[in-house]
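Residue numbers (our numbering): 570 to 1051.
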């Protein structure tokens, strides 16, 4: 009963910092996302719900970064607080080992790891699909109508509009110039006005431009005057002029998500394995197709000559002299055979180059799909590995709060993140195998976690400055007595 209470104490002490650090990490990463894509979002007149939807999908995509970070920081904070308040010392004095004290959180973090795998395999592909489709639509949406004083606005197809002054409260424009290019013949229609207003309807599907007291200048088609090199123009005055523009092109159009669903980031494990089998089958078909295509090129039926059959009967010594194969032909036929052979050799080489490029692309595509397969497992294992770094590290430094725990968390998380990126790039460039590249961060951090766990179990003083002073004092040569 006492041990169950102890387990609940550990779990409750961990859950609070875990939730807090997870949402803090999510917030920081979302802010970084906004900074990265701010140019694609500003000036598009996006509906707040569309922006919230995009941020929701972006937050889901950032879970693979925030979850290990939260586990690491929360575990350091939890056991650091236990050590700082001498609760860890009391537990060890009662005969409870560090492994037993960590057991409840090992089970908890294992559950988090299982959830992380489920999230990576089932929810993350859907979030990637939704995010990719929505961001594509936003990037291809035209900016909203934003007329600035003294600057020509050309966002509406076929028109350029400029106003010297603008009253934002009444939407009144002053000293307006409108260039109408809809004829496709340049600036053949110009409108000027002293004052006007620009308003949109409630659904923002149409823009109405009303001008007061102005003039129109329109050039006449110069075909008849081309010989005389003279151009005529019609000038008219108006007291009121109105033009309506269609703004449906500025509304966000949602693309069918099926255009993106075959991307590797949008697939679960079952679909990834299916794609891998398909890529391997296509590569085998390319190799078989190359063999089928090239075999007829070795037969010169016109001259009764089959290179493959002839070479199979020739000993290696005789094959060293290629001219022996053509001794039965006269000079003219020998030249024809050589020319035809050269032409076919070039065709085979060109086809081989094309096939090699296709196989190289298939191999690269196969590698990237395998990377996505391993990525779904590395997130889960990373949570466990970072816990076995954070828990013993917290019990060693014996500091709670966000001070020292955050410092050590940043260091180890940078090591984890950098080694993960390096391993993935090395795998994609075939420097390492996909398995070694994707598990590189685990291979680096696991020994560190085992070392820290061992030192924490033995009450190591690796964090104490006095310990290092004593080590240096022992290693330094003693001064001889005077």
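Glycine included, every Cβ here is placed at the ideal spot set by N, Cα and C.
Delimiting residues of the alpha helix (DSSP H) encompassing residue 663
Per DSSP, residue 663 belongs to no alpha helix (DSSP H) and is neither H nor E.
Between the Cα of residue 977 and those of 1021, 1012, 935 and 627, spot the shortest distance and give me the residue it belongs to.
1021
Which of helix, strand or coil does DSSP assign to residue 606?
helix
Let me know if residue 888 comes out buried or exposed under the rule of 16 or more other beta-carbons within 10 Å of its beta-carbon.
With a pLDDT of only 44 at residue 888, under 50, the local geometry of the prediction cannot be trusted, and the value read off the model is given with reservation. Counting Cβ neighbours within 10 Å, residue 888 comes out exposed, since fewer than 16 surround it.
So, using beta-carbon positions, are residue 702 and residue 636 closer together than 8 Å?
no
Contacting residues, own chain, Cβ-Cβ under 8 Å from residue 599 (five flanking each side not counted)
624, 627, 628 and 631
Through-space distance from residue 595 to residue 605, alpha-carbon basis:
15 Å
Contact defined as beta carbons within less than 8 Å: I believe residue 651 pairs with residue 642. What is the distance between those atoms, to the nearest angstrom?
Incorrect: roughly 15 Å between the Cβ atoms, too far for contact.
Specify whether the segment 965–983 and the segment 909–927 touch according to this definition: at least 3 beta carbon pairs, one from each stretch, less than 8 Å apart.
no
Can you name, in chain order, every residue of its own chain whose Cβ lies under 8 Å from the Cβ of residue 1051, other than the five neighbours on each side?
Low confidence applies here, because residue 1051 scores a pLDDT of 39, under 50, leaving its location unreliable and the question unanswered by this model.
What would DSSP say about residue 742, mapped onto helix, strand or coil?
Three-state result, residue 742: strand.
Extent of the continuous alpha helix (DSSP H) run through residue 976:
973–997
Measure the alpha-carbon distance for residue 942 versus residue 853 and round it to whole angstroms.
22 Å
Residue 642 at chain B interface by Cβ criterion, 8 Å:
You won't find chain B in this structure, because it holds only one protein chain.
Run through DSSP, which three-state label would residue 808 get?
Residue state, collapsed to three classes: strand.
Measure the Cβ-Cβ separation of residue 670 and residue 579 and say whether it is below 8 Å.
yes
Cβ neighbour criterion (16 or more within 10 Å) applied to residue 835:
buried
I'd like to know whether the C-beta atoms of residue 648 and residue 951 end up nearer to each other than 8 Å.
no
From this set, 1016, 916, 945 and 860, which residue's C-alpha is nearest residue 692's C-alpha?
945
Can you name, in chain order, every residue of its own chain whose Cβ lies under 6 Å from the Cβ of residue 734, other than the five neighbours on each side?
Here the set comprises 718 and 743.
With residue 696 and residue 716 assumed to form a contact (beta carbons below 8 Å), what rounded beta-carbon distance in angstroms separates them?
Actually they do not touch by this definition, with Cβ atoms about 38 Å apart.
Euclidean distance between Cα positions of residue 633 and residue 948
6 Å
Which runs of the alpha helix (DSSP H) spanning at least 4 residues fall entirely within the segment 634–685, listed in chain order?
656–662
Identity of the residue in 660, 726 and 739 nearest residue 749 by Cα:
726
Inter-stretch contact at 8 Å, needing at least 3 Cβ pairs: the segment 920–938 / the segment 838–858:
yes
Which one of 862, 994 and 674 has the shortest CA to CA distance from residue 573?
Checking every option, the nearest Cα to that of residue 573 belongs to 674.
Classify residue 751 as buried or exposed, calling it buried when 16 or more other Cβ atoms lie within 10 Å of its own Cβ.
exposed
Ignore the nearest five residues each way along the sequence and tell me which others in residue 964's own chain have a CB closer than 8 Å to its CB.
648, 649, 651, 652, 657, 667 and 1025
Residue 982 and residue 638 - do their beta-carbons sit closer together than 8 Å?
yes
Short check: CB of residue 583 to CB of residue 677, under 8 Å?
yes
Mapping DSSP to helix, strand and coil, what is residue 881?
Caution is warranted here: a pLDDT of 49 is assigned to residue 881, below 50, making its placement in the model unreliable, and the coordinate value is therefore given only provisionally. The answer is helix: DSSP assigns residue 881 an H, G or I state.
Top-ranked residue by Cα proximity to residue 1010, from 705, 590 and 987:
987
Starting from residue 730, trace the beta strand (DSSP E) both ways and give me its first and last residue.
728–736
Indicate whether residue 760 and residue 810 have their beta-carbon atoms separated by less than 8 Å.
yes
Round the Cβ separation of residue 848 and residue 955 to the nearest angstrom and send it over; I've been treating them as touching at under 8 Å.
Contact doesn't hold; Cβ gap of about 33 Å is too wide.
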